[in-house]
Amino acid sequence: MDTKMTVEEREAFLAETRVGIISISEDGRGPLTVPVWYHYQPGGEVCVWTGAKTRKAQLLRKTKRISFCVQDPNPPMYKYVSIEGPFIIEPVDLERDIHPMALRYFGAEGGEAYFKDVSQGENWKTDLWLRIKPERWLTVDYSKLGPPPK
3 MDTKMTVEER EAFLAETRVG IISISEDGRG PLTVPVWYHY QPGGEVCVWT GAKTRKAQLL
63 RKTKRISFCV QDPNPPMYKY VSIEGPFIIE PVDLERDIHP MALRYFGAEG GEAYFKDVSQ
123 GENWKTDLWL RIKPERWLTV DYSKLGPPPK
């Protein structure tokens, strides 16, 4: 049986609230690979909120394409979606970007509290919104093989 996800399966999986892993090439060494919060609507771009002074942001300014992966790590029937593609960096918007991200990861009550805390500060004003356009997809869903042997 094929373990590859359908377009609908991969987009639904990616749209679930998970922690993503972003990989950015770095001259003279392996890629920077770090966990990130993200936002995704099926058919759209993968969006990541990051600080302007982070190592991620510094490396993003030097490259044109990046990789991104999310997984359900439960062995032995784990799943993952990995994408690769070009990206755009733009200033983050408090209401458009940060507010939905806070609600996504903290839920309604916690998200509003987190958003209020962030919005009252100054740090977010220099943050960046990374929009990745998925061009290459790799997917696996080992649960398609049936239940694990006992």
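Okay, so the sequence shown: first residue is 3 according to the numbering used here, each after it adds one.
Beta carbons: idealized from backbone N, C-alpha and C, even for Gly.
Residue j and residue i - do their beta-carbons sit closer together than 8 Å?
i	j	result
Thr19	Arg106	yes
Arg67	Glu86	yes
Ile23	Thr5	no
His41	Met79	no
Val94	Leu16	no
Asp129	Ala14	no
Lys64	Val142	no
Comparing alpha-carbon positions, which option in the options lies nearest residue i?
i	options	result
Gly45	Glu11, Val38 and Asp29	Glu11
Gly123	Leu96, Thr141, Gln43 and Ala59	Leu96
Pro37	Gly30, Val50 and Ser27	Val50
Ser25	Phe70, Ala59 and Val9	Phe70
Leu140	Gln73, Gly112 and Gly30	Gln73
Pro151	Ala59, Met7, Pro77 and Arg31	Pro77
Phe1	Ala115, Trp131, Ser121 and Tyr116	Absent from the model: residue 1. The displayed extent of the chain is 3 to 152, so no value can be given.
Ser121	His101, Gly32, Thr8 and Gly30	His101
Lys127	Gly30, Met3, Met7 and Asp99	Asp99
Could you tell me the boundaries of the alpha helix (DSSP H) in which residue i lies?
i	result
Val120	His101 to Gln122
Arg57	Arg57 to Leu62
Arg12	Val9 to Ala17
Beta-carbon within less than 8 Å of residue i's beta-carbon, same chain only, minus the 5 sequence neighbours each way: which residues are those?
i	result
Trp39	Val21, Gly22, Val50, Trp51, Met103, Arg106 and Tyr107
Gln43	Ala17
Ser145	Met79 and Lys81
Report, in whole angstroms, the separation of the C-beta atoms of residue i and residue j, which I expect to be a contact under 8 Å.
i	j	result
Arg133	Glu47	4 Å
Leu62	Ile91	6 Å
Considering just the uninterrupted stretch of the beta strand (DSSP E) at residue i, what are its terminal residues?
i	result
Glu92	Lys81 to Pro93
Val50	Val48 to Thr52
Ser25	Gly22 to Glu28
Arg138	Arg138 to Asp143
Between which residues of its own chain and residue i is the CB-CB distance below 6 Å, once the five residues before and five after are set aside?
i	result
Pro149	none
Arg138	Glu86
If you drop the 5 nearest sequence neighbours on each side, which residues of the same chain put their C-beta closer than 7 Å to that of residue i?
i	result
Asn125	none
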